[in-house]
Structures are given as C-alpha cells and as structure tokens.
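Chemist:
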C-alpha cells in the first residue's frame with residue numbers, strides 16, 4: 015500500500031492510494047469515510063445485510079492521523095489491507111456512486127509529508143562511498159551511524175515549496191535524494207537481526223542545505239575548519255532550516271519493497287536527469303542504524319530516518335535557471351514513488367501570490383498548523399509540558415573557559431548550536447539510564463523555554479519569546495563514545511558520539527514548569543550540582559558568553575523555534591564523573607539548582623527491564 019497525509023478544505027486527513035475505476039484518476043481513500051458509508055452500502059446491497067463488512071469495529075474510530083494509525087501496529091495494517099481490497103472490489107463490481115465520496119482525487123487535494131510532524135527526523139551523514147573514496151586522508155572508516163536531527167518545520171510534501179532563507183547573492187543550495195525509513199513499531203534495544211520488524215515502510219527525502227549559513231560563520235572571528243562544532247553548526251543549520259527536508263509523497267509499506275538495497279533512484283531538474291544512484295550504496299544499512307539508535311532511545315511509530323546520499327552529495331542548484339514557476343526538481347526511488355518540489359529564493363524571485371499561505375503565514379506546514387490550531391503560543395509557564403518538547407537545542411563552548419578546557423575558541427555573534435530530539439528532555443526526577451551506560455558524566459546547565467513561534471527575532475523583542483528559565487541536570491553517557499570507534503579518523507567521528515551521549519530518553523532533566531524571569535536576573539546567578547557519593551560543583555551563570563536572548567536571535571535568523579522548545583546555554587564547568595560500578599549498582603542520585611530558579615532532586619538507575627535480551631553490541 016501507499017499511505018498519504020493530505021489537506022482538503024483546510025482539514026488534514028489520511029488514507030491509502032487507489033484508482034477510481036470510473037475516472038481512472040489516482041485518489042486517496044479515507045478509512046474513516048469508508049466506515050461511515052458502510053450502513054448505506056448494506057441498505058443498497060442486499061447480501062451485505064447478512065455479511066456486513068467490518069473493519070475497525072463497532073464503537074471504534076480510525077486514528078485522526080497517519081502517525082496514530084501506525085501506533086496500531088501490524089493488526090491495524092492488516093485491517094487497512096482488508097479495507098483496501100474491499101474498496102477495490104466494491105468500486106468495480108457494485109454501485110460506485112455509494113462509495114465514490116470516499117475517493118479524493120489527487121488534483122483536488124494537497125499532499126503533505128506522510129508524517130507531517132515527525133517526533134524524530136534523523137538524517138545520516140557520510141553514509142555513501144564518495145565521502146571516503148575521494149579523500150586520501152581517510153584510510154579507514156568506523157562503521158557506526160553518524161547523523162543529525164532535523165526540525166518539524168523542515169518538512170514539506172508533494173509539490174511543496176523549499177524556500178531559501180537567504181538575502182545574499184551567493185550560491186544558495188545543494189540537495190540529495192535519500193531513502194526515508196519510517197518506523198512502525200515501538201522498540202528499544204533492537205538487535206540488527208530483528209530491526210526490519212520495526213519498519214513500517216519507505217519514502218523519499220530531499221536533503222537540502224543552504225550555504226549562506228556557512229558564510230555567516232566564515233565572517234566571525236572564528237573560522238570554519240578550525241573547530242568541528244562550528245563546522246557542524248554551519249553545515250547542519252543549513253539542513254535544519256524551514257522546508258529544507260522535503261518528504262513524500264507516500265509512505266510505501268515494506269511489503270511493496272522486498273529488498274530496500276536493490277532500488278534505482280534519480281534526480282531531475284526541469285524534466286532533465288541530473289543524477290542516478292542505487293540504494294545499495296549505503297555504507298551503514300537500515301538494520302544497523304535502528305540497532306544503534308535504539309540502544310539509547312526508544313523508537314516509536316512515525317519516527318523517520320533518512321539514510322544519507324545515494325548519488326552525488328550536494329547536487330548544486332543553478333541560480334540563473336532554478337527559481338521560477340516553471341522550474342521544479344523531481345526525485346524518485348524505484349517502487350517507493352516520485353517526489354516533486356519547487357525551489358524559491360525570495361532574494362531572486364518570489365513568484366508566489368501575496369495571499370499564498372506559504373508566503374503570508376509561514377512556508378512550513380508544521381508552523382501553519384500551529385496557527386490554525388491556535389497553539390502558536392503557550393498561555394504561561396504552567397502550560398509547558400516537558401514530554402511534548404519538539405526540539406532541544408544546545409550551545410557548545412559558550413563559556414569563558416572553553417578555550418582552556420575544550421580547546422574551543424571564543425565566539426560571540428553566532429554561537430555553536432546543535433539540536434537533539436525533544437524526547438531527551440524530561441521533568442521526571444526518577445529516570446532510567448540506557449542498559450549500555452557505563453561511565454556517566456553529570457553536569458548542570460541553564461535552559462530557556464520558548465513561549466511562542468519565534469522567527470527573525472530581533473534583540474529588542476527577544477525577551478518576549480522566552481517563557482521562562484530552569485536548571486537542567488544533564489546525564490552524559492560516555493559508553494557511546496567508547497563503543498563505536500577503535501581510532502578516530504576525523505574530528506567528526508570524535509565529537510558526534512559526544513552529542514549522542516545526551517540523546518537517551520529523559521537524560522536532560524528540568525523543572526516541571528519554567529520560572530518567568532528577565533535575562534539580567536538569571537545571568538548573575540549561582541549554580542549548584544551535587545551527586546551523592548561523588549562530589550559537588552559550584553559555579554555561576556556569569557560564565558556564559560551569550561545569553562538565551564542572544565542565542566534566540568542567532569537561531570531564528572535561519573529557522574523557526576516552536577512554543578515549548580528548550581534551549582540550553584550549554585556547559586560551563588567541569589562535569590562530575592560517576593564510575594561504572596556505581597552506575598551499575600546504585601545509580602545516580604543528586605540535586606541541581608540555580609539561584610532564583612529553585613532546586614530539584616534527580617535519581618537515575620540503570621535500565622534492566624529491556625524488551626530484548628540480545629546485546630546491543632551485536633553487529634558492531
């Protein structure tokens with residue numbers, strides 16, 4: 015089956031692809047609508063009175079979105095296959111007019127990303143041979159997944175607009191076609207041998223990146239090429255920008271793609287082939303990516319991985335002939351489908367009508383959904399829900415002693431920023447460390463909570479967007495670094511596992527509700543961290559170089575922050591190391607607090623109630 019999410023008359027629906035036998039048009043059939051017309055079908059089709067079709071069952075309803083449907087697992091998928099067969103047979107053999115209202119022609123609806131608001135949208139990097147084949151310095155590679163987290167605002171769907179946020183006459187963009195893998199079943203500690211059981215299906219992803227971000231970092235007193243965190247920020251912020259991660263048009267279920275490593279893929283620009291590739295080019299396969307990620311975080315239905323470039327990495331757009339209503343880019347993967355988008359560079363030519371929602375409101379579906387639902391801002395600190403955080407941002411090297419302790423040069427105007435999945439944030443004082451955790455380092459940070467949709471924020475208005483502040487107790491699982499590499503072949507391989515060290519579910523603990531404060535009141539406050547049996551840290555927020563308002567201004571120059579997003583100012587002092595024997599025996603117990611914001615206890619014990627008995631080291 016091919017499953018889709020779409021919008022019609024301002025309402026979001028989902029369903030499966032089918033052909034209307036009368037018009038021979040491709041349509042999306044909505045399961046909820048089919049259930050609604052079954053009583054009428056029974057009245058007009060006599061033998062249905064004895065054998066009434068039954069799918070979801072009496073008193074039940076289909077989930078409101080595709081992500082909710084995936085939560086139903088394989089039983090739900092089998093029900094939908096049964097309905098698909100019924101609709102096909104009834105439409106051809108019975109009175110079509112009774113069921114035709116359930117058909118939505120593709121030319122009358124707007125397809126969105128199949129998963130419009132993914133909880134996890136993780137893109138692998140350096141996962142094709144070209145990264146290594148042409149680099150004589152890379153004489154070996156470590157076979158572990160390396161990647162970055164996208165934002166929900168990066169998603170656009172079929173015939174959507176990828177809008178370049180750049181006001182300079184510089185070469186704007188490169189793009190690649192990548193295979194998207196959509197998770198269909200909850201799981202943690204998933205061995206590679208069973209990983210494909212957790213896959214719902216596949217989709218196309220266009221991984222685009224804006225290069226003007228790199229120019230901004232090259233203008234600072236610190237230069238790209240001297241600091242991995244700056245390089246990663248400059249490169250990956252360009253990927254995380256709004257609309258830069260097109261996805262779709264469908265979720266093609268895995269039963270239609272028997273071998274995901276034997277598929278041709280292509281890129282076209284204005285109808286002409288730009289490049290061809292092959293899904294078997296992946297260095298790290300789907301199974302290993304799932305095994306690795308689930309070793310420290312639970313995967314859930316609707317989570318998305320895109321597996322890295324399968325063609326030329328960073329296919330270049332040509333500004334002189336790429337940005338008009340007649341121009342488009344089309345990409346496709348055999349058996350998965352074809353995804354078509356248009357690129358818009360407002361600096362050159364924004365040909366959209368003034369009242370086009372992507373221009374008048376916001377280019378990203380996920381942000382327009384917030385405005386449409388009236389959820390574009392939080393009513394107050396009490397409305398914050400740590401378990402509903404969409405994005406979690408961390409500044410690196412944002413403290414005075416960073417050069418001495420980490421070798422990171424001082425930077426003030428465009429801070430080093432990388433984001434993590436939102437589910438790593440929690441207000442639970444009782445948490446679980448991943449089973450693989452050995453040595454764990456604990457730190458304290460200051461974080462800010464965003465109160466409303468934030469884009470192009472100015473220094474004068476930045477304070478209006480901050481809902482409040484909280485201490486943040488940070489668990490840093492060093493085993494992620496120890497397990498994956500024998501020797502590091504480049505700075506990225508050394509630093510990426512350090513990012514994942516904070517990606518465990520709930521590893522970053524904060525207050526249940528942020529405290530409303532002005533920036534000047536929290537930037538001169540004492541900080542205290544105590545870990546029982548290990549030691550204490552006393553420091554001050556005065557050590558920070560850039561405050562939360564400055565970070566907000568810097569980030570929103572490029573992308574949109576959502577209400578409830580958490581932004582950490584990063585570490586500012588030595589971390590407390592908890593040895594492996596204490597982690598395994600007693601867990602981690604302590605308190606974290608910041609003057610004027612309060613204090614809370616935290617308790618972390620090692621997870622011993624794993625779903626799977628197999629070791630996560632299998633395959634590594």
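In my numbering, the protein residues as written are 15 to 634. All C-beta atoms in this analysis are idealised placements derived from N, C-alpha and C, irrespective of residue type, glycine included. Nothing here was measured: the structure is a model prediction, and the numbers come from that model.
Can you give the Cα-Cα distance for residue 565 and residue 441, rounded to whole angstroms?
Modeler: Within the chain shown, numbered from 1, the residue matching residue 565 stands at position 551. Within the chain shown, numbered from 1, the residue matching residue 441 stands at position 427. Answer to the nearest angstrom: the Cα atoms are 23 angstroms apart.
Chemist: According to DSSP, simplified to helix, strand and coil, what is residue 259?
Modeler: Translated into positions along the chain shown, residue 259 becomes position 245. Here residue 259 sits in strand by DSSP.
Chemist: Does residue 434 come out as helix, strand or coil in the three-state DSSP assignment?
Modeler: Taking the first residue of the chain shown as position 1, residue 434 is located at position 420. Strand at residue 434.
Chemist: Would you tell me roughly how many angstroms separate the C-alpha atoms of residue 417 and residue 132, rounded to the nearest one?
Modeler: As a working note, residue 417 is residue 403 in the chain shown. As a working note, residue 132 is residue 118 in the chain shown. Distance between the alpha carbons of residue 417 and residue 132: 36 angstroms.
Chemist: Along the chain, where does the beta strand (DSSP E) that runs through residue 281 open and close?
Modeler: Position 267 of the chain shown holds residue 281. That run of the beta strand (DSSP E) goes 278-283.
Chemist: Need the endpoints of the alpha helix (DSSP H) that residue 242 sits in, please.
Modeler: Your numbering for residue 242 matches position 228 in the chain shown. Run containing residue 242: 242-254, per the alpha helix (DSSP H) assignment.
Chemist: Thinking C-alpha only, which one of 412, 458, 445 is nearest residue 559?
Modeler: In the chain shown, counting from the first residue as 1, residue 559 sits at position 545. Of the candidates 412, 458, 445, the one whose C-alpha sits nearest the C-alpha of residue 559 is 412.
Chemist: Inspect the beta-carbon positions of residue 526 and residue 482 and report whether they are closer than 8 angstroms.
Modeler: On the chain shown, residue 526 is found 512 positions in, with the first residue counted as 1. On the chain shown, residue 482 is found 468 positions in, with the first residue counted as 1. Result no, Cβ atoms of residue 526 and residue 482 do not sit closer than 8 angstroms.
Chemist: By the DSSP assignment, the beta strand (DSSP E) with residue 371 in it spans what residues?
Modeler: Your numbering for residue 371 matches position 357 in the chain shown. Element bounds for residue 371: not the beta strand (DSSP E) but the alpha helix (DSSP H), 371-374.
Chemist: Look up residue 617 in the DSSP assignment and say whether it is helix, strand or coil.
Modeler: Here residue 617 refers to the residue found at position 603 of the chain shown. Looking at residue 617 - three-state DSSP - the assignment turns out to be strand.
Chemist: Could you check which residue in 35, 145, 45 has the C-alpha nearest to that of residue 19?
Modeler: The sequence position of residue 19 within the chain shown is 5, counting from 1. Among 35, 145, 45, the Cα nearest to that of residue 19 belongs to 45.
Chemist: Could you compute how far the alpha carbon of residue 575 sits from the alpha carbon of residue 241?
Modeler: Numbered from its first residue, the chain shown carries residue 575 at position 561. Numbered from its first residue, the chain shown carries residue 241 at position 227. About 25 angstroms.
Chemist: State the CB to CB distance for the pair residue 213 and residue 192, rounded to an integer number of angstroms; the pair is presumed to be in contact (CB under 8 angstroms).
Modeler: Locating residue 213 in the chain shown gives position 199, where the first residue counts as 1. Locating residue 192 in the chain shown gives position 178, where the first residue counts as 1. Their Cβ separation, rounded to whole angstroms, is 16 angstroms, which puts residue 213 and residue 192 out of contact at 8 angstroms.
Chemist: Between which two residues does the beta strand (DSSP E) containing residue 549 stretch?
Modeler: Here residue 549 corresponds to residue number 535 of the chain shown, with the count starting at 1. Residue 549 -> beta strand (DSSP E) spans 549-554.
Chemist: How far does the alpha helix (DSSP H) with residue 597 in it reach, from first residue to last?
Modeler: The residue labelled residue 597 in the question sits at position 583 within the chain shown. Its alpha helix (DSSP H) spans residues 594-599.
Chemist: Inspect the beta-carbon positions of residue 128 and residue 217 and report whether they are closer than 8 angstroms.
Modeler: On the chain shown, position 114 is the one that residue 128 refers to. On the chain shown, position 203 is the one that residue 217 refers to. Yes; because the gap between Cβ atoms is below 8 angstroms, this pair is in contact.
Chemist: Tell me whether residue 459 is buried or exposed, calling it buried when 16 or more other Cβ atoms sit within 10 Å of its Cβ.
Modeler: As a first step, residue 459 is located in the chain shown; it is residue number 445 there, counting from the start. Buried: at least 16 other Cβ atoms inside 10 Å.
Chemist: Within a Cβ cutoff of 6 angstroms, which residues of the same chain sit near residue 445, ignoring the five residues on either side of it in sequence?
Modeler: Position 431 of the chain shown, counted from the first residue, corresponds to residue 445. So the list reads 520, 618, once near-sequence residues are dropped.
Chemist: Quick check on DSSP: helix, strand or coil for residue 387?
Modeler: Translated into positions along the chain shown, residue 387 becomes position 373. Of the three classes helix, strand and coil, the one that applies to residue 387 here is helix, per DSSP.
Chemist: Check residue 204 in the structure and name its three-state DSSP category.
Modeler: The residue labelled residue 204 in the question sits at position 190 within the chain shown. If DSSP states are grouped into helix, strand and coil, residue 204 belongs with coil.
Chemist: May I ask whether a heavy atom of the ligand NAD can be found less than 7 angstroms away from the beta carbon of residue 386?
Modeler: This structure simply doesn't include the ligand NAD, nor any ligand for that matter.
Chemist: If I'm right that residue 581 touches residue 472 with Cβ under 8 angstroms, what's the distance once you round it to whole angstroms?
Modeler: As a position in the chain shown, residue 581 is number 567, starting the count at 1. As a position in the chain shown, residue 472 is number 458, starting the count at 1. 17 angstroms between Cβ atoms; not a contact.
Chemist: Just to confirm my understanding: we take residue 405, look at its own chain, exclude 5 residues before and 5 after, and list those with CB closer than 6 angstroms. What are they?
Modeler: Stepping through the chain shown from its first residue, residue 405 is reached at position 391. Correct list, in chain order: 165, 433, 436, 579.
Chemist: Take every Cβ of the region 348-368, pair it with every Cβ of the region 378-395, and state whether three or more of those distances are shorter than 8 angstroms.
Modeler: No contact exists between the region 348-368 and the region 378-395.
Chemist: Classify residue 256 as buried or exposed, calling it buried when 16 or more other Cβ atoms lie within 10 Å of its own Cβ.
Modeler: Residue 256 sits at position 242 when you count from the first residue of the chain shown. With 16 or more Cβ atoms within 10 Å of its Cβ, residue 256 is classed as buried.
Chemist: On the premise that residue 367 lies in contact with residue 382, defined as a C-beta separation below 8 angstroms, what is that separation, rounded to the nearest angstrom?
Modeler: As a first step, residue 382 is located in the chain shown; it is residue number 368 there, counting from the start. As a first step, residue 367 is located in the chain shown; it is residue number 353 there, counting from the start. Their Cβ separation, rounded to whole angstroms, is 16 angstroms, which puts residue 382 and residue 367 out of contact at 8 angstroms.
Chemist: Classify residue 27 as buried or exposed, calling it buried when 16 or more other Cβ atoms lie within 10 Å of its own Cβ.
Modeler: Numbered from its first residue, the chain shown carries residue 27 at position 13. Label assigned to residue 27: buried.
Chemist: Using beta-carbon positions only, say whether residue 4 and residue 209 come within less than 8 angstroms of one another.
Modeler: Nothing about residue 4 can be read from this structure; the chain reaches only from 15 to 634.
Chemist: Give every residue of the same chain whose Cβ lies closer than 7 angstroms to the Cβ of residue 288, excluding the five residues on either side of it in the sequence, and list them in chain order.
Modeler: For this step, residue 288 is matched to residue 274 along the chain shown. Excluding residues within five positions, the ones whose Cβ falls inside 7 angstroms are 281, 282, 329.
Chemist: Measuring only the C-alpha atoms, how far is residue 25 from residue 75?
Modeler: Here residue 25 refers to the residue found at position 11 of the chain shown. Here residue 75 refers to the residue found at position 61 of the chain shown. C-alpha separation (whole angstroms): 17 angstroms.
Chemist: Helix, strand or coil for residue 427 per DSSP?
Modeler: As a first step, residue 427 is located in the chain shown; it is residue number 413 there, counting from the start. Residue state, collapsed to three classes: coil.
Chemist: Whole angstroms is fine: what's the gap from residue 486's alpha carbon to residue 284's?
Modeler: Mapped onto the chain shown, residue 486 falls at position 472. Mapped onto the chain shown, residue 284 falls at position 270. Taking the straight line from one Cα to the other gives about 49 angstroms.
Chemist: Identify, in the order they occur along the chain, each residue of the same chain with its Cβ nearer than 7 angstroms to the Cβ of residue 100, setting aside the five sequence neighbours on each side.
Modeler: Along the chain shown, one-based indexing puts residue 100 at 86. These residues qualify, in order along the chain: 67.
Chemist: Taking 8 angstroms as the threshold, find out whether the region 198-208 comes into contact with the region 342-351 through three or more Cβ pairs.
Modeler: Too few Cβ pairs lie closer than 8 angstroms, so no.
Chemist: Hey, would you say residue 161 sits closer than 8 angstroms to residue 138, going by beta carbons?
Modeler: Here the question's residue 161 lines up with position 147 in the chain shown. Here the question's residue 138 lines up with position 124 in the chain shown. Cβ distance < 8 angstroms, so residue 161 and residue 138 count as in contact.
Chemist: Quick check on the DSSP output: the beta strand (DSSP E) that includes residue 546 runs from which residue to which?
Modeler: Locating residue 546 in the chain shown gives position 532, where the first residue counts as 1. Neither: residue 546 is in no beta strand (DSSP E) and is coded neither H nor E.
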